[in-house]
Amino acid sequence: MNNIKACIFDLDGVIVDTAIYHYKAWKRLANELGFDFTEHDNEQLKGVSRMRSLEIVLQCGGVTKTEAEKEQLAAQKNTWYTEMITQMTPDEILPGAQEFVESCRDAGIKTALGSASKNSMTILNKLNIAHLFDVIIDGNKVSKAKPDPEVFLKGAQELGVEPKYCVVFEDAIAGVEAAKAGGMKAVGIGNPDILHEADLVVSGLDKVPQPPKGGAGDWALNKI
Ligand code: B16
Ligand code: MG
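Reminder that position 36 of the sequence shown reads as 454 in the working numbering, one-by-one numbering, no gaps.
Take a look at the structure:
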């Protein structure tokens with residue numbers, strides 16, 4: 419049992435739900451290319467990098483493109499996506515997320531963001547919560563996508579905390595795998611049948627026990 423010294427949070431699906439905006443932008447792209455893209459298809463894109471997402475979308479339509487065309491299509495999707503996320507407001511923070519991050523900080527636990535999204539800073543600024551993270555590692559700072567643990571290991575390193583004292587909060591299978599591969603605890607946010615590799619699975623950060631105010635020594639999460 420290791421007492422937790424740092425919490426590392428995924429962004430999309432844990433702090434905020436941008437999946438609907440990703441979906442609308444990918445669907446628009448698919449429709450312009452002449453095929454449909456359903457909400458069910460969109461499930462495969464959660465936690466996956468932008469270029470890998472594009473490849474999955476093109477596969478759904480049975481479409482092949484050159485590398486140069488793919489770059490252009492990914493840029494087009496991102497333009498539509500950023501038009502939507504720049505309209506976001508703090509009301510879109512998921513239930514209990516801000517309170518949970520604040521309770522960690524109050525208990526002396528360090529906090530980091532570990533997201534695949536290259537748009538993380540835009541989203542955090544729109545939600546007014548960038549100041550709640552001691553360290554922010556996003557898609558611009560990593561070269562290997564989840565399930566590679568790079569994003570979380572960089573977070574731990576910049577926080578100055580050994581991986582075994584870190585817990586990662588993740589909604590995607592690849593993210594839970596990344597946390598475990600990095601030697602960290604993982605709390606899954608979502609369905610226990612899907613996120614079965616996690617040490618604990620809950621429906622949202624509002625359901626995670628907060629660390630005691632005086633210090634995190636007796637925290638239930640130390641025992642997972
Ligand atoms: P961008 P996370 C991920 O965010 C999303 O879940 C995934 O759907 C998206 O493709 C990826 O970010 C890249 O996003 O196009 O904005 O760089 O869950 O790792 O916070
Ligand atoms: Mg996610």
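Every residue gets a Cβ at the ideal spot worked out from N, C-alpha and C, and that includes glycine. Bear in mind that the values here come from a model prediction, so they are computed numbers and not experimental data.
- The segment 583-592 and the segment 427-442 touch, with no fewer than 3 CB-CB distances between them shorter than 8 angstroms.
- The alpha helix (DSSP H) runs lying completely inside the segment 528-610 and spanning 4 residues or more are 538-545, 568-577 and 591-599, given in chain order.
- With at least 16 other beta carbons inside 10 angstroms of its own, residue 538 counts as buried.
- Contact between residue 552 and residue 571 is absent: CB atoms are separated by about 16 angstroms, not below the 8 angstroms threshold.
- Not one heavy atom of the ligand B16 lies closer than 6 angstroms to the C-beta of residue 459.
- Contact between residue 573 and residue 532 holds, since their C-beta atoms are separated by about 5 angstroms, short of 8 angstroms.
- Remark: the C-beta of residue 431 is in contact range of the ligand MG, defined as less than 6 angstroms to any heavy atom.
- Between residue 567 and residue 596, the CB-CB gap stays under 7 angstroms.
- In this model, residue 627 and residue 561 are separated by some 33 angstroms (Cα to Cα).
- Scanning its chain for C-beta atoms nearer than 6 angstroms, with the 5 sequence neighbours on each side dropped, one finds around residue 423 the residues 579 and 583, in chain order.
- Shown here for residue 637: same chain residues with a beta carbon closer than 6 angstroms to its own, the five before and five after excluded, namely 629 in chain order.
- Closer than 6 angstroms to some heavy atom of the ligand MG: that describes the Cβ of residue 428.
- Looking at the DSSP output, residue 425 sits in a beta bridge with 529 and 585.
- Rounded to the nearest whole angstrom, the CA to CA distance from residue 492 to residue 435 is 20 angstroms.
- Annotated as distal: residue 624 and residue 642, with beta-carbon spacing of 7 angstroms or more.
- If you check the CB distance, residue 445 and residue 455 come in under 7 angstroms.
- In the structure shown, residue 623 falls within a helical segment according to DSSP collapsed to helix, strand and coil.
- Between the ligand B16 and residue 465, a heavy atom-to-CB distance of less than 6 angstroms is present.
- In this structure, the C-beta of residue 598 stays at least 6 angstroms away from each heavy atom of the ligand B16.
- Beta-bridge pairing by DSSP links residue 618 to 605.
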